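Numbering (this note's numbering), first residue to last: 2 to 69.
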């Protein structure tokens with residue numbers, strides 16, 4: 002229903018934006034050390050978030066790797 006006239010897109014919450022940035026920073030470090038096959042659990046742990054948060058922002062490993 003996002004295409005309805007008069008409805009606006011919601012902006013991401015501040016904590017969601019912060020979590021996304023933390024995941025990206027952690028992924029950069031983890032992928033640098035372990036390559037593209039490094040554990041996404043390790044990325045989540047290093048970012049201080051749950052694995053679901055990683056997948057909420059980056060639905061695939063490839064999406065996360067490309068974003069880094």
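We put the CB at the ideal spot given by N, CA and C, even for glycine. As the structure is a computational prediction, the values presented were derived from the model and not from experiment.
Three-way DSSP call (helix, strand, coil) for residue 19 in this model: helix
In terms of residue numbering, what span does the alpha helix (DSSP H) encompassing residue 63 cover? 62-68
Run the CB neighbour count on residue 19, radius 10 Å, all protein chains shown included, and call it buried at 16 or more, exposed below. exposed
Rounded to the nearest angstrom, how far is the Cβ of residue 44 from that of residue 31, given a contact under 8 angstroms? 5 angstroms
Tell me the rounded alpha-carbon separation between residue 12 and residue 21. About 14 angstroms.
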